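Before any comments, here is the structure.
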Amino acid sequence: GAVVSQHPSWVICKSGTSVKIECRSLDFQATTMFWYRQFPKQSLMLMATSNEGSKATYEQGVEKDKFLINHASLTLSTLTVTSAHPEDSSFYICSAGTSGKYNEQFFGPGTRLTVL
Amino acid sequence: QKEVEQDPGPLSVPEGAIVSLNCTYSNSAFQYFMWYRQYSRKGPELLMYTYSSGNKEDGRFTAQVDKSSKYISLFIRDSQPSDSATYLCAMSASKAAGNKLTFGGGTRVLVKP
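Protein chains in written order, with this note's numbering: chain P, 1 to 116; chain D, 1001 to 1113.
Here is the structure:
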C-alpha cells in the first residue's frame, strides 16, 4: 500500500510555543490530506481537510487560527499548533487520499505532542 | 446518536479463535466501507475495503456488508496474538479522494496465547 510519513514522531514543548508537524506521501501524489486528533482510547476526530494549493476546510469547533494547515505540494502538508497549551497535548495523525479507483485513505504513523 | 456505532470492547479471544467485529450505521448514503487496524501509539492501517453489499475475503480476513440492515462485519480466522489491536470501521458516501470518512469508535481486541 501507499506510504505516508510524519515528522516528528513525538515532540515535547513548553506552553506558549508553536510546533510544526509534517505529513508526507512518499510514493504517491495526494491531492487531499486529512488531519486527525486522537485522545487515549478514543477514535479519530477529523480536524481539517487539506487540498493542495488551497485553504484547508476545518471541522466545526476546530480553531483555524490555532491549528494552521498548509498543503504546499502534492506530497507535503503541515500542521502548526500555535501557542500550544497543555490541553493541546494529543496524538495527531494525518492521512492522504488517493485519486485511484477507490478513495482509500492511508495514514501516517502519528505524532505524539506533549505540552508542558 | 452517532452515525456509526461500534462496540468498544475489549473483545478477548483465545489464539486460533474467530474474531467477529461489527458496526452499524444510520446514513443510507454510505456505499464504501473500510476496516482499519490500529496498534497502540501507531497510525491506522487499512485492512479491507468493500463497496456496496456483499462479501470480500483476503487471507484470514473476511468483510461483509449488508446495506439493507446497515450492518458491516469483519471476521478474523485463526486469530494470532499479533492481531491484538483496535479495529476501526470507516465509511463514506463517495469514492472521491477528498471525501471524508466517518469512523466508528473502534473495538479493542485481545488475542490470548
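Think of the CB as a built atom: it goes at the ideal place given N, C-alpha and C, for glycine as much as any other residue. Computed from a predicted structure; not experimentally measured.
When D:1023, D:1058 and D:1028 are compared against residue 1049 of chain D, the one with the closest alpha-carbon
Nearest in C-alpha terms to residue 1049 of chain D, of all of D:1023, D:1058 and D:1028, is D:1058.
Please check if any C-beta of chain P sits within less than 9 angstroms of the C-beta of residue 1114 of chain D.
Nothing about residue 1114 of chain D can be reported from this structure: the residues present for chain D run from 1001 to 1113 only.
The beta strand (DSSP E) that contains residue 1043 of chain D, what's its start and end?
DSSP places residue 1043 of chain D in no beta strand (DSSP E); its state is neither H nor E.
By the 10 Å Cβ neighbour count, where 16 or more other Cβ atoms means buried, how is residue 71 of chain P classified, buried or exposed?
The C-beta of residue 71 of chain P has 16 or more other C-beta atoms within 10 Å across all chains shown, which makes the residue buried.
Relative to the C-alpha of residue 1074 of chain D, which residue among D:1086, D:1021, D:1068 and D:1081 is closest?
Minimum Cα distance to residue 1074 of chain D is reached at D:1021.
Under the DSSP definition of a beta bridge, which residues are partnered with residue 114 of chain P?
Residue 114 of chain P pairs with P:12.
Could you check which residue in P:40, P:44 and P:10 has the C-alpha nearest to that of residue 21 of chain P?
The closest CA to that of residue 21 of chain P, considering only P:40, P:44 and P:10, is found on P:10.
Would you mind telling me which residues of chain P sit closer than 7 angstroms to residue 1044 of chain D, beta carbon to beta carbon, in chain order?
Annotation: Cβ neighbours of residue 1044 of chain D in chain P (cutoff 7 angstroms, chain order): 107.
Apply the 10 Å Cβ neighbour rule to residue 26 of chain P and answer buried if 16 or more other Cβ atoms are within range, or exposed otherwise.
Exposed, because fewer than 16 other Cβ atoms sit within 10 Å of the Cβ of residue 26 of chain P.
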